[in-house]
Amino acid sequence: MSTIKKKVAFKTLGCRLNQYETDALVSDFDQAGYEVVDFKDAADVVVVNTCTVTNQSDQKSRNIISQAARNNQGSLVVVTGCMANNYKEKLEGQDKITYVVDNERKASIRQLVDAHFQGEILHPSNLEGDVFQFSTVDKSLHTRSSIKIQDGCDNFCTFCIIPKVRGRAVSRPLPEIVENVKNTLANGFKELVITGVNIGRYEWEDKRFEDVLEAILDVPGDFRVRISSLEPDGFGNRFYDLFKHPKLAPHLHLCLQSGSDKVLLRMRRMYAYSRFAEIVDRFRSQWPDFNFTTDLIVGFPGETEVDFQESIEAIRRFQFSHVHAFKYSVRKGTRAERMEDQVSEPVKTARSAELREASEQMREAYLKRFIGRVQTVLVEKIDSKGFASGYGEHYVPVRFKAKNCQKNTFQKVRIERLEGEGDNLELLGQLVED
Amino acid sequence: MQAIKVDESFYKVKEVRRLTDETFSLRLPKSRFRFHAGQHISLGIQGDYQSREYSIYSGENDEHLEVLVKEVKEGYFSPKLSHLKPGDWVEVNGPFGKFRIDEKKIKDHKFVFIASGTGIAPFRSMVRTYPELDYQLIHGVRYGHEAYDKEEYAPERHVLCTTGDKTGQVNGRLTKYLKKATFDKNTQFYLCGNSNMIFDALELLKNKGFDRDQIHCEVYF
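First to last, the sequence lines map onto chains F and P. Residue 12 is where the first sequence starts when you use the numbering used here, and the numbers rise one by one after that. Residue 263 is where the second sequence starts when you use the numbering used here, and the numbers rise one by one after that.
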């Protein structure tokens, strides 16, 4: 490379796993001497890490790719992520895209770009395929870093395209995970998020998800651990007991998808509503404020008004503090694509609005519980007015007057009131003086 | 280093075994293929972009890998499968799924298999794989001739329910039989077939006091 630093910009769509993989790429390019710039700025290389989970994700991904090409004419445009897997040939046929790199080879994008600038045009299929070879994240826009323990999924839910684009379930060897955790902590991160496509199904030699969690919690240091999205599979006693560990945050994003057993069955989910309820009840009997967030799909084929109301009822019953609601959209190649009784778009839109309203009410009620109590907040940013903000251990958003505290430190904050509305609700508090 | 496992393979059709006018089994060589009874595969036809999932119909130790297919006349895929001849290539992806027997339970549990139509496929695989299994197979079909490979099951273990003729032990839906039947407390239930049957059977079993953990479901569409 010449002595003038090449500039690289990134844009990420979709899930936490994608975000982690971009963060790792940012670190890789940074260490290799590239200058990482904002997506809005001119760059020599633009990497778009796409998502294909819904039609809307496809649309967003297409728009971002066009924007990247338009704003950086003559630059390298590298498209990766799940859309790159799902529409590989279509994308490869577009002149505005220089390289289409599938998920398996995403970690090798820097080598591809290096080779390009050295005059060697590699076909991405010649890159090494390894879903766990990402660099340790050391430069990130976030204070928490993900730890990827698993990729792919074998569940084949009838609505889901992910097994097609992320492949079969594979688990990262435990010693590599522990090494990655140590390196990430050495880079200064205070919060680790255990990430993968279906992490509850971790399986490496005789080790299961609980073993991974325990091994991570046993690593010395001042940090906390959060579990990202999890399927409500049968958890054993050991899983519940692990939450007694002070480093493990009392929050789970447990994917419900529907409150109706009939819909769950057609979705080919592996649990019934009653199983989900058992899990929530067991946590809340021990930790009444345990935070549950979830995903719900609205308008799955055959979803009746009665089925939908069961989802609304579930939001109230489980007091989710946040619901990530998706309007069902047909994904080509899934079983649900061939199902009858597709729900019309206006009905889906109306149901989404009703669901959002129920979800916002529950969020407000949940956050109010924390007024008068203390949360340990990991400071993510400090604004120009001297207010620090971040999340408490229950994954509740908190803002407070910073008073000499630094970003990326834990601070005890007594919550005083709730402000804002809808998705922008925030708890306001005061630092607890030692 | 963890490489992505490439698990797609092409197999030559060995035999198309006609069971009824509409239903046939596709036999493929099994040499390289390992699976657990109850799992399914994704099947594609060479040159076609679509694929469909089918439960494996053969036992783990059989010499063939076999799937059971009912031709849906107005469908896209099954008519194409029905035209396959020995020597044609199909693409097999898998195996997939957790619809499996817990081997630790074989010794001291009873197993009740509840199937509608071609939902019998995983149960034939289980019965052939575990000859020691203490099982009962409740099979709901329209006509008696749809009791696929009936002779392979001990008569006292096989309950045929027919809605379209009177050749079954039960004349009516299998739920009619389930309503009256009694089962041991330590029974493991396996349900496979269309979602309406599964939902109705689930409700009946729950009303009989069985725990959801004892009931395993595989839905067909």
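C-beta: ideal position from N, C-alpha, C; glycine also.
Item	Value
Neighbouring residues, chain F, relative to P:F461 (Cβ below 8 Å)	D272, K273, L276
Nearest residue (CA-CA) to P:N355, options P:F373, P:S344, P:Q308, P:T437	P:Q308
Outcome for P:T449 when other beta-carbon atoms lying within 10 angstroms are tallied against a minimum of 16	buried
Distance CB(F:T304)-CB(F:F331) smaller than 7 Å	yes
Chain-order list of residues whose beta-carbon lies under 6 Å from that of F:R450 (same chain, five-residue window excluded)	Summary: the structure shown does not reach residue 450 of chain F, with chain F confined to residues 12 through 445, and so no result is reported for it.
Sequence-distant residues of its chain with Cβ nearer than 7 Å to P:I368 (five each side left out)	Y392, E394, L395
Residue from P:Y316, P:L281, P:N458, P:E328 whose Cα sits closest to the Cα of P:K274	P:E328
Beta carbon proximity, F:D165 to chain P, threshold 7 Å	yes
As assigned by DSSP and simplified to three states, the class of F:Q422	strand
Three-way DSSP call (helix, strand, coil) for F:G433 in this model	helix
Contact between the segment 412 to 427 of chain F and the segment 311 to 327 of chain P (3+ Cβ pairs under 8 Å)	no
Minimum Cβ-Cβ distance from P:R280 to chain F less than 7 Å	no
Within chain P, the residues that F:M350 reaches when beta carbons sit closer than 7 Å	F483
F:E216 burial status per 10 Å Cβ neighbour count (16 or more: buried)	exposed
Range covered by the alpha helix (DSSP H) that runs through F:E32	27 to 42
Alpha-carbon spacing of P:E409 relative to P:G426, whole angstroms	Here the sequence assigns Ala to residue 409 of chain P, which means Glu is not the residue at that position. Roughly 13 Å separates the two Cα atoms.
Residue from P:Y415, P:G381, P:F373, P:L343 with nearest C-alpha to P:R390	P:Y415
Integer Cβ distance of F:V309 from F:L366, believed to fall under 8 Å	6 Å
P:F295 classed as buried or exposed, judged by whether at least 16 other C-beta atoms fall within 10 angstroms	buried
Contact under 7 Å by Cβ, P:G300 with P:R362	yes
Any beta strand (DSSP E) of 3 or more consecutive residues that is wholly inside the segment 274 to 335 of chain P	277 to 280, 285 to 291, 302 to 307, 313 to 317, 326 to 332
Distance, F:R295 Cα to F:V192 Cα	29 Å
Boundaries of the alpha helix (DSSP H) in which F:H127 is found, first to last residue	120 to 128
heavy atom of the ligand MN below 6 Å from P:S304 C-beta	Annotation note on the ligand MN: not contained in the displayed structure, which lists no ligands.
Residue(s) in a DSSP beta bridge with F:I158	F:I205
Between the CA atoms of F:G211 and F:V189 - distance to the nearest angstrom	17 Å
Test item: CB-CB of F:D162 and F:R177 under 7 Å	yes
Short Cβ contact (7 Å threshold) for F:N480 with F:N96	The structure shown has nothing for residue 480 of chain F, since chain F only spans 12 to 445.
Length of the line joining the Cα atoms of F:A364 and P:G359	35 Å
Option in P:E322, P:G434, P:F272 with minimal Cα separation from P:H298	P:E322
Beta-carbon proximity list for F:N194, same chain, < 8 Å, skipping 5 on both sides	T147
Counterpart residues of F:L442 in DSSP-defined beta bridges	F:V424
Opening and closing residue of the alpha helix (DSSP H) in which F:C416 lies	Unbroken run through F:C416: none, as it is neither H nor E.
Those residues which DSSP pairs with P:T425 across a bridge	DSSP, once it has assigned bridges, lists no residue as partnering P:T425.
Check whether P:P384 and P:C454 have beta carbons under 7 Å apart	yes
Chain P contact for F:P135 (CB, 7 Å cutoff)	no
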